[in-house]
Structure formats: C-alpha cells, structure tokens
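Visitor: This structure is in structure tokens; I'll ask about it shortly.
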Amino acid sequence: MSKWRSVPFNRMMVVWSTGLSLLDARPVPPTTAGDHSPDPPLIVITPARGWVSLKLGDLWEYRDLLYFLVWRDVKVRYKQTALGAAWAIMQPVFTMVIFSLFFGKLARIPSEGLPYPIFSYAALLPWQYFAQSVSQSSDSLVGSAALIRKVYFPRLVVPLAGVLAGLVDFAIAFLVLLAMLLYYGIALTPSLLLLPLFLLLAMITALGVGLWLSALNVQYRDVRYIVPFFVQFWLFATPVVYPSSLLSEPWRSFYGLNPMVGVVEGFRWALLGISPPSPMIAASAAVALLLLISGAFYFRRMEQTFADVV
Amino acid sequence: MSDIAIRVEQLSKRYRIGQGRSPRYDTLRDRIAGAIAAPLRGLSSAARRANAGSRLGTNGPEDDYLWALREVSLEIKRGEIVGIIGRNGAGKSTLLKILSRISQPTEGFAEIYGRVGSLLEVGTGFHPELTGRENIYLNGALLGMKKAEIGRKLDAIVAFAEIERFIDTPVKFYSSGMYVRLAFAVAAHLEPEILLVDEVLAVGDAAFQKKCLGKMGAVAKEGRTVVFVSHDMTNISVLCPTALLFESGQIALRGMSTTVIEHYLDQRTDGRSEASWELEQAPGDELAKIMGVRVCTQDRVSAHSFALTEPILLVIDYLILRDQVRVNPVFVVKNSMNITVFSTSNFEDPVWGARPSASGHYRAHCLVPAHLLNEGHYVVSALVVHETRLVRASAEEVVGFSVYDNGATRGDYVGEWTGIVRPRCHWSTAELYHEELHVYDP
C-alpha cells in the first residue's frame, strides 16, 4: 500500500516520471497484497488526464537522440541535390534580389537610409530561419509517425530537432550577410553582441508556434494546408520588406506584440546599427515565451494520444 | 532488489473506433460542421470526450469504442521469460505498447522496475540516405542508448549484422536482408533490464533467424526479464518457459508455455476433432456407412493439438449393412499445403484385414506414432473401401488436428525444422583413425 506513495516526488520528476500529472489529484490505486518490494518502481505508467508536467528531465535523458535527429536532418537535407548546401545561400539571396527589385526599386519602399538589399537581407536572415523552422516542426510529428507508433521517446524532441536543424542553414546564410556588410562598408557596432539574444527570441517563437502546430497537425491535417498561408501572412505582419516606422503609433504598439517584429528590429539594430528596437521588444519577448510555454503544455497534453491518433 | 520486474494492475485500454470508416484523424471542417449542425449534441459529446475513460462503460455508445485491453492484472518476476500468444487483436501488442510507454492506458496502472528496452519493430527510424554506421547511431539513440554506449558496441553490432564491407554505404543500397540484419543487430545490442519484443524475429533468412533466437536466448540467460509476443509457437515454446494467452483483451490463461500453446491451438484449429452423423445423413451407400470420425489422444480423449512427441489416435465408427462383405476403413491425412502426408488402412491386420465381416456397427482405432508428423495443421479424411479398391463411403476432410513442437527433440537448435515428416532417426557417430580414412566401409 505504502510503496506506491513512497516514490519520492522529485525523483519521479527527474528520472522517468511517466504520465504522472502535476495537477492530477486522483486517489492512489490500490495495490495487491503480498507486495514485498522495497524499491520504488523506476517507471509508473498511469492514465494521465488534463494538464501534465513537462517532463523536462526525460528530455534531458534523451539529449543524445535530440543530437542525432538534428544531425540527421542537417545531413539529409541537401542529399541528392545537385547544388547541395548552396541552397541554404540561394534561398535568402534570391529572395533578397527579388525584394530589392520590386519593393526597393519599383515600389521605392523606404529603408531607413540603408541600401535596400542589406536592409531586407538582415531581416530575411531571421525570417527565413523562422519560416523554415515553423514549417519543419509543424510537419515533424506527422512525418515521424512511424517512429511515434513504435518507439518511446519524449515527443518534444521531434519539433525541437526541427527548430535546431534550421540553425545550420542560418549560419551558412549569415556568411553572405558578412560579405554584404563588407561590400557596403557598414561597420559593426558593439550591439552585435546582442544578436544571439534576438536569434534566441526567433527560436523561442518558432518552437512555440511549432509545438502548437505540430500537435494540432496530428489531430487535424488541415494544419498542413494552413501553414504556408499562415507563414506568408505573418511575413507581411513583420517588417521584413518595409521598416516598422511606416506604421503610426496606436497601431505600432499593437504590432509590437508580434514577436518577429522584435526579432527583425533587433537584427537590424545589432547588424546595421540603425535605431534600436522600441520598448515593445519586451512585449515581443513576453508573447514569445507565452507561446512557448503554452505550446509545450498543449503539446504534452496532446502527446498522450499521439501514438493512437497519428 | 525487488523480485518483481513488471506489475500491471487492472490495466485497460480503449480505442475510439466510432465513425469506423472515416480516417482516424478528423478535419477541422468535420468538427466545425458537426458543432454547427448540432451545437448541443456537439457540446455534450465534447464534454463526454473530455472526461472519456473516467469510468468503464459509462460513456458513449459502446460500439464507438473498442476495449483492446480489459482490466488486465499481471506480475512478471525478474529474470522471467514470458511469451504472449493470442489471435490478432487480442491485446498482445497493445499491452507491449503501454508497457513501453508508447501509448497510454485508459484505466489502471503499471509499474516497471528497471530500464526498459522495447523492440516493436525492427529498423524503425532508419534513414535510407544515411550510411550503415550513421544509422546505427541514430537507431541506437532512438532505442535509448547513449552515444558513447553505441560507440563501444559499434564493432560488435557490425560483426553481428555481417555487413563489415558496407558499413559506410548508404542503407538505400543495401539488400533487404542486409537492412534487416543491421536493424536487428542494433536492437540486439540494447542491454535493458527488461526487454519487450513484438514479433520481430520473423525477419531475415533462416540462418539469421537462428542467430537472432540464439541472441534472445543469451539475453534471457543473463537474468534479464523478457516479454515476447509471437505468432510462432515454436519460438515461444523454445524461448519461454511460461506463456500467457490473450483473448479479447484479457488474459485467458497463464502457465507452462506448452500447456498454454496446446490450449490455444486446440481452440484455433479450424477442423473439428469429432464428426458424427445420423443414419440418414451418414456418408456411404447401401453397403457401408461412416457414422463418426474422431481425433483423440492415446487415452481416447478428443483433442485438437498434439506435441511432436505424442501419438495420435484416429477413430472411425462405421456400419456394415450387408453380411459377409470385406470392407476396410482408410484414413488419408493431408497437411495445410494440401499434400497427402500419408494414408493408411488395416489391410494387413491379421484378424480384420482380409476377413469378410457380418453386418453391424464397428469401431476401428488407428494409432499414428509419435515422432512422425512435423509441426503444422492436418486434415483427416475417412473412407470405407470394399474389396480394397471400391470406395463405398467417404467423409472428406471432416476432422483436423495440429502438431506443435514442444522443443523436446531439437537439442539446442532453435530455428525452423524443415520437412513434411519429422522422424526421430537413430544416429551414431564414431571417430575415424588415420588408417581407416581411405577405406569406405560403413
């Protein structure tokens, strides 16, 4: 009787706390008589209902798997393509060229006194990372259906790998940016040191959105069709092709709730040394964290049925 | 150290199979359309779904749900090797999925005392573009191994899979045999305290299967706990001392694997072990009729399944309707490939063989010796022939039985034993000395 209760709570959290809910206040199931095992079980499997803990300890336990999944995604991404990793450069570069032609030359969208190509490229860099990560991770669970039905591992690893794998493409595309900075003779400022923070903000946002969408995708395959449209819509709600100074005040604050606004403004500031992001960056960051935390809990809640539904 | 490895209490699992013919995932449109069409019904069903599973059988029309497991309780001791058998859909795989934490129970709980490795499929997560070596790492990590651990075992895995030359070739260029060997090799080198295996040994060629079974046996000898689901009764009886029989989500029987297998096969054999007729319907003509045919054990108890080591008794009841005719009963036994394995009659019986009989009711017994039939399913036809050649009555394929391998006659060999018959031949061996080597004189 007492053995079941005697499992130290912190140990369950850290080691293998399977499906044990933080908020689940169900009575302890009775155990049979004749129980003479002094050890607590390593794994307790119970039906979990409602909101459950994130089991981050379990995630840590499987860090090697995360590493190999990221590594696989990176390794496989440009296999059997003629141009290979050059695609990681060509995608943002060609987008930048087209944007410069249409938005810079034809539409004459202001670019805060900077050459339009570098103005848009500095924003495209985090944007493409974000867009790619969102579409990768939202499709990741359905794409790994075979794994999910046959192997146990913390499912959080799957969308997380999708978000991390995009960093390699980001790094390659970043080299082009450095070349462009040289070409346009733009000097780096100390604000560059804050760049990783803005990248982190982009990662958090991408993961938050990716968690929501990947979990929804398991249940509703509509997500697959919504994502491209959704990403495109989000592009125009983010100051990638235009400066956010185009917006007038009541709207601009509201607009700041979009975490990618903070990311893009932050990137331009850190790399090109133009005006720093508005204080709305705090709101951006808060929204991004909210997305991540709510996404993670929603994901964990839905995770219980992934194997049965996917 | 506790002596229990796995404890399962009142475990139930319910699957939703409602709207059976639609795909398993919904679309938003269905949900929205449903909600608009019947808002109240939508709400109440959503509420019902929200606390689905809170009580057995209290929610929803029962036919919307399928109980894959029903209140299963079970204890498996440390070091025990348990086989699980049962028809498809009996709940075997569902139990393993819950124990390996892939899917969640609806009711009840399970406790596991030790590190679990589960092998529900061989080669899950293999990526065709990656090389053998890379896939070993990826697959190993999926199965829960650490990078360093995989590195340590890499050579052993490669050697076990016999793919040394191709280790740096992408697996998409592998033959299917190589692929399966590599996949099993990774899994075989997982070293959990509790190993859950689902029907993964049915891969590769016979030689590799043998190697896999050998590896499983070795794992078991190291004192680890193994739960093994299989449809292959031979594998179960060779590997597992005890077995569980699942029937519609419940444990129907637990015991010595030979007993459990026998029980299972008894139920499963398609043919009946007995057939009998009323006089009007009985097969035959105005001279002879077959009244009944039976398959039973030596002790004359009707039975469906027999170990290789058991004799099988075939019994026929027949009627002779005219005086002083010579008739003989005949049995024809065919295997599941529809090959006639043997036919037999009592022609050479000194008393009954050639003798004309008086009219009346007769019963003949035919004892099929042990160590004759190989494992498999058999159907029996019975005939009554007149003057050794004229078939007067015939009951075609009216009873059946199966023969299984209880492992008693295979030494330590664990693979498939080919052949239609399985005689136990007499062997003798002697060492030859040098001067005898060139003389062939048995």
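Going line by line, the protein sequences match chains A and B.
Residue numbers are given in our numbering: position 72 of the first sequence equals residue 308, and the series is strictly consecutive.
Residue numbers are given in our numbering: position 182 of the second sequence equals residue 197, and the series is strictly consecutive.
Ideal Cβ positions, reconstructed from N, Cα and C, are used throughout, including at glycine.
These numbers were taken from a predicted model, which means no experiment stands behind them.
How is His319(B) classed by DSSP in three states: helix, strand or coil?
Guide: On the second sequence, position 304 is the one that residue 319(B) refers to. The answer is coil: DSSP assigns His319(B) none of H, G, I, E or B.
Visitor: What residues of chain B sit near Phe466(A), judged by a beta carbon separation below 8 Å?
Guide: Numbered from 1 along the first sequence, position 230 holds the residue referred to as residue 466(A). Chain B residues near Phe466(A): none, gap ~13 Å exceeds 8 Å.
Visitor: State yes or no: is the beta carbon of Ile113(B) nearer than 8 Å to at least one beta carbon in chain A?
Guide: Counted from its first residue, the second sequence places residue 113(B) at position 98. By this cut-off, Ile113(B) is an interface position.
Visitor: On the CB-based measure, 16 or more other CB atoms within 10 Å of its CB, does Asp170(B) come out buried or exposed?
Guide: In the second sequence, counting from the first residue as 1, residue 170(B) sits at position 155. Exposed, by the Cβ-count rule.
Visitor: Taking only three categories from DSSP, how would you classify Asp213(B)?
Guide: Position 198 of the second sequence holds residue 213(B). Strand.
Visitor: Shorter than 8 Å from the beta carbon of Leu278(A) to some beta carbon of chain B?
Guide: Within the first sequence, numbered from 1, the residue matching residue 278(A) stands at position 42. Yes, its Cβ sits closer than 8 Å to a Cβ of chain B.
Visitor: Measuring CB to CB, does Ala397(B) end up less than 8 Å from Val413(B)?
Guide: Residue mapping note: residue 397(B) aligns to position 382 of the second sequence, counting from 1. Residue mapping note: residue 413(B) aligns to position 398 of the second sequence, counting from 1. Yes.
Visitor: Starting from Ser373(A), trace the alpha helix (DSSP H) both ways and give me its first and last residue.
Guide: Walking along the first sequence from the start, residue 373(A) turns up at place 137. Looking at the DSSP string, the run of the alpha helix (DSSP H) that includes Ser373(A) is 352–379.
Visitor: Between the beta-carbon of Met332(A) and the beta-carbon of Ser356(A), is there less than 8 Å?
Guide: For the purposes of this step, residue 332(A) is taken as residue 96 along the first sequence, with counting starting at 1. For the purposes of this step, residue 356(A) is taken as residue 120 along the first sequence, with counting starting at 1. Taking 8 Å as the Cβ cut-off, Met332(A) and Ser356(A) qualify as a contacting pair.
Visitor: Could you pull the DSSP bridge partners for Val308(B) from this structure?
Guide: To locate residue 308(B), count along the second sequence from 1; it is residue 293. Val308(B) pairs with Ala290(B), Ile331(B).
Visitor: For chain D, check one thing: does any of its Cβ atoms lie closer than 8 Å to the Cβ of Gln540(A)?
Guide: Absence of chain D from the displayed structure is noted, the protein chains being A and B.
Visitor: Straight-line CA distance for Pro564(A) to Thr282(A)?
Guide: Absent from the structure is residue 564(A), since the part of chain A shown begins at 237 and ends at 546.
Visitor: Please name the residue or residues paired with Glu1(B) in a DSSP beta bridge.
Guide: Residue coverage of chain B in this structure runs from 16 to 457, which leaves residue 1(B) outside it and unanswerable.
Visitor: If I follow the unbroken alpha helix (DSSP H) through Ile113(B), where does it start and stop?
Guide: Position 98 of the second sequence holds residue 113(B). Here the alpha helix (DSSP H) through Ile113(B) covers 107–114.
Visitor: Quick check on this structure: which residue in Pro326(B), Ala322(B), Ile305(B) has the alpha carbon closest to the alpha carbon of Glu315(B)?
Guide: Start at 1 with the first residue of the second sequence, and residue 315(B) comes out as number 300. It should be noted that the sequence gives Arg, not Glu, for residue 315(B). The option with the nearest alpha carbon to Arg315(B) is Pro326(B).
Visitor: Bridge partners of Trp323(A), per DSSP?
Guide: Stepping through the first sequence from its first residue, residue 323(A) is reached at position 87. DSSP lists no partner for Trp323(A).
Visitor: Which chain A residues are close to Leu158(B), counting only those with a beta carbon under 8 Å from its beta carbon?
Guide: What you label residue 158(B) is simply residue 143 of the second sequence in a count that begins at 1. Per Cβ cutoff of 8 Å: Val387.
Visitor: So for Tyr257(B), helix, strand or coil by DSSP?
Guide: The residue labelled residue 257(B) in the question sits at position 242 within the second sequence. For the record, residue 257(B) in the displayed sequence is Thr; it is not Tyr. Thr257(B): strand per DSSP, three-state reduction.
Visitor: Looking at Leu429(A) and Ala358(A), is the spacing between their C-beta atoms short of 8 Å?
Guide: Here residue 358(A) corresponds to residue number 122 of the first sequence, with the count starting at 1. Here residue 429(A) corresponds to residue number 193 of the first sequence, with the count starting at 1. Their beta carbons are not under 8 Å apart, which means Ala358(A) does not touch Leu429(A) by this criterion.
Visitor: For Ile32(B), which residues in the same chain have their Cβ closer than 6 Å to its Cβ, ignoring the five residues on either side in sequence?
Guide: The residue given as residue 32(B) occupies position 17 in the second sequence. Correct list, in chain order: Leu81.
Visitor: Across the stretch 329–349 of chain A and the stretch 182–201 of chain B, are there enough close Cβ pairs to call them in contact, namely three or more that are closer than 8 Å?
Guide: Touching, no.
Visitor: Hey, quick one: how far does the beta strand (DSSP E) through Val356(B) stretch, first residue to last?
Guide: Taking the first residue of the second sequence as position 1, residue 356(B) is located at position 341. Val356(B) -> beta strand (DSSP E) spans 355–360.
Visitor: Go ahead and label Thr273(B) buried or exposed: buried means 16 or more other beta carbons lie within 10 angstroms of its beta carbon, across all protein chains shown.
Guide: Within the second sequence, numbered from 1, the residue matching residue 273(B) stands at position 258. Label assigned to Thr273(B): buried.
Visitor: Assign Asn389(B) to one of three DSSP states: helix, strand, or coil.
Guide: Within the second sequence, the letter at position 374 stands for residue 389(B). If DSSP states are grouped into helix, strand and coil, Asn389(B) belongs with coil.
Visitor: Going along the stretch 511–522 of chain A in order, which residues come within less than 7 Å of chain B, judged by CB to CB distance?
Guide: Listed by position along the chain: nothing, the set is empty.
Visitor: Counting only C-beta atoms, is Ala125(B) closer than 8 Å to chain A at any point?
Guide: For the purposes of this step, residue 125(B) is taken as the residue at position 110 of the second sequence. With 8 Å as the cut-off, Ala125(B) counts as an interface residue toward chain A.
Visitor: Determine the extent of the beta strand (DSSP E) in which Asn154(B) is found, giving its start and end residues.
Guide: Walking along the second sequence from the start, residue 154(B) turns up at place 139. Per DSSP, Asn154(B) belongs to no beta strand (DSSP E); it is in the alpha helix (DSSP H), 147–157.
Visitor: Between the Cα of Gln368(A) and the Cα atoms of Leu301(A), Ala438(A), Leu342(A), which residue gives the shortest distance?
Guide: The residue you call residue 368(A) lines up with position 132 of the first sequence. Closest option to Gln368(A), Cα to Cα, is Ala438(A).
Visitor: Taking just the CA atoms, how far does Phe535(A) sit from Tyr30(B)?
Guide: Translated into the one-based positions of the second sequence, residue 30(B) becomes position 15. Translated into the one-based positions of the first sequence, residue 535(A) becomes position 299. Answer to the nearest angstrom: the Cα atoms are 20 Å apart.
Visitor: Kindly list the residues whose CB is nearer than 7 Å to the CB of Ile178(B), restricted to its own chain and excluding five residues on each side of it in sequence; keep chain order.
Guide: To locate residue 178(B), count along the second sequence from 1; it is residue 163. Result list for Ile178(B): Gly147, Met193, Arg196, Leu197, in chain order.
Visitor: From the DSSP output, read off the bridge partner residues of Cys381(B).
Guide: One-based indexing of the second sequence puts residue 381(B) at position 366. Cys381(B) is bridged to Leu329(B).
Visitor: For the stretch 226–246 of chain B, which residues have a CB atom closer than 8 Å to at least one CB atom of chain A, in sequence order?
Guide: Within the stretch 226–246 of chain B, no residue qualifies.
Visitor: Check each residue of the stretch 305–326 of chain A: if its Cβ is closer than 9 Å to any Cβ of chain B, include it; give the result in chain order.
Guide: Answer set for the stretch 305–326 of chain A: Leu305, Trp307, Arg308, Lys311, Val312, Lys315, Gln316.
Visitor: At 9 Å on the CB atoms, spell out the chain A contacts of Lys162(B), in chain order.
Guide: In the second sequence, the residue the question calls residue 162(B) occupies position 147. Within 9 Å Cβ-Cβ: Asp300, Tyr303, Phe304.
Visitor: Is the CB-CB distance between Ile96(B) and Val275(B) below 8 Å?
Guide: Here residue 96(B) corresponds to residue number 81 of the second sequence, with the count starting at 1. Here residue 275(B) corresponds to residue number 260 of the second sequence, with the count starting at 1. Contact: no.
Visitor: Confirm, please, whether the CB-CB distance from Leu328(B) to Cys311(B) is below 8 Å.
Guide: Residue 311(B) sits at position 296 when you count from the first residue of the second sequence. Residue 328(B) sits at position 313 when you count from the first residue of the second sequence. Yes, the pair counts as a contact, with Cβ atoms nearer than the cut-off.
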